[in-house]
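So the structure is just underneath, and the comments pick up after that.
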Amino acid sequence: MEGQRFASVSQNRADLRFPFPEHFVERLTGKTLIRLGRQAKFLTAELSSGEVLVMHLGMTGRFTVEAAKLGEFHHATGTDPAHDHVVFRMEDGTSVTYNDPRRFGFMELWPAEQFEAYPRLMAMGPEPLSNHFSAAYLDTALKDKKTPIKSALLDQSVIAGLGNIYVCEALWRAKVSPKRLARSVPGQRAARLAPAINEVIAEAIEAGGSSISDFANASGELGYFQHRFAVYDREGEACRTCGDTIRRLVQSGRSTFYCPSCQR
DNA sequence: GCTTGGACCTGATTGC
DNA sequence: TGCAATCAGGTCCAAG
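If you count by the numbering used here, then the first sequence holds residues 420 to 683, one letter each, in order.
The structure is reproduced here in structure tokens:
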């Protein structure tokens with residue numbers, strides 16, 4: 420998409436999670452996409468108009484790329500076309516379709532020169548694989564938090580980009596109980612947790628992500644990290660380290676999976 | 001202030 | 001078989 424103009428844009432409904440920006444189609448059509456990027460779970464596209472197109476997949480959003488030449492991409496998994504909400508057609512004939520059954524995703528436009536004031540990213544914590552993230556950072560960020568460590572790690576203002584799966588997996592690797600209050604983690608536990616978070620994220624990226632029911636990459640290929648889950652969605656199964664039974668509990672309305680013996 | 005719980009949606013699965 | 005209840009990868013916002 421980079422360096423190409425939007426030849427046409429189809430917007431098939433008025434809203435996703437939020438309403439589309441006013442005159443969304445007109446503000447994209449004919450503009451050149453200068454650069455694609457990502458911050459936390461937000462995708463960004465800098466436009467020749469001076470605006471940034473911000474996109475979020477929510478839980479079930481998916482972009483599928485189809486090249487003009489048939490057969491250039493293979494679609495391993497199909498999606499219901501009833502949920503194709505936006506189609507970008509680029510000038511070389513490639514189409515990029517946004518499909519999202521639950522419509523928890525969204526698209527917004529924001530002026531590039533004021534992008535540091537984009538509200539949804541202003542309070543973001545550091546990226547796990549960046550130099551700003553470390554055990555020392557966790558020591559500081561968690562020291563006054565009265566919420567369970569599981570909830571704290573899901574808080575994007577503490578650390579950006581971790582979701583429910585990877586928080587569960589990182590806590591298991593670090594042998595930290597999800598029920599432990601965040602303020603009791605600084606010190607030795609944070610020293611284990613920071614590298615565990617890095618490992619989980621790096622391995623999941625290498626495996627192409629986690630495909631439970633919806634996730635697929637832009638050419639339709641599924642991820643493989645779900646085959647390496649140690650605790651997530653393994654309630655009642657044996658812990659790979661100690662053999663004890665993996666348990667499930669609900670924290671902040673989200674399922675947590677953990678080993679009661681390994682994680683303290 | 002910080003923290004929690006409900007809301008936003010559809011679809012798949014489970015249990016009666 | 002058919003229906004209702006439950007659950008799902010995320011984020012926002014009102015209420016406590």
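Using N, Cα and C, we set each Cβ at its ideal position, and we do this for glycine too. In this text, all values refer to a predicted model and were calculated from it rather than measured experimentally.
A straight-line Cα-Cα distance of about 6 Å links residue 572 and residue 578.
Taking residue 592 as the centre and dropping the five residues before and after it, the same chain places the C-beta of 615 closer than 6 Å to its C-beta, in chain order.
Of the residues 558, 549, 543, 551, the one whose Cα lies closest to the Cα of residue 575 is 543. Pairing residue 464 with residue 476 gives a Cβ-Cβ distance that is not under 8 Å. A straight-line Cα-Cα distance of about 9 Å links residue 642 and residue 631. In this structure, the beta-carbon distance from residue 443 to residue 507 does not fall below 8 Å. Taking residue 457 as reference, the option from 601, 500, 546, 666 with the minimal CA-CA separation is 546. Residue environment analysis places residue 461 among the buried positions, since at least 16 neighbouring C-beta atoms fall within 10 angstroms of its C-beta.
In the three-state reduction of the DSSP assignment, residue 440 falls in the coil class, being assigned neither a helical nor a strand state. The three-state secondary structure of residue 518, taken from DSSP, is strand. Look at the segment 541 to 589 and you find these whole runs of alpha helix (DSSP H), each 4 residues long or longer: 554 to 561, 568 to 573. Secondary-structure assignment with DSSP links residue 485 through a beta bridge to 514.
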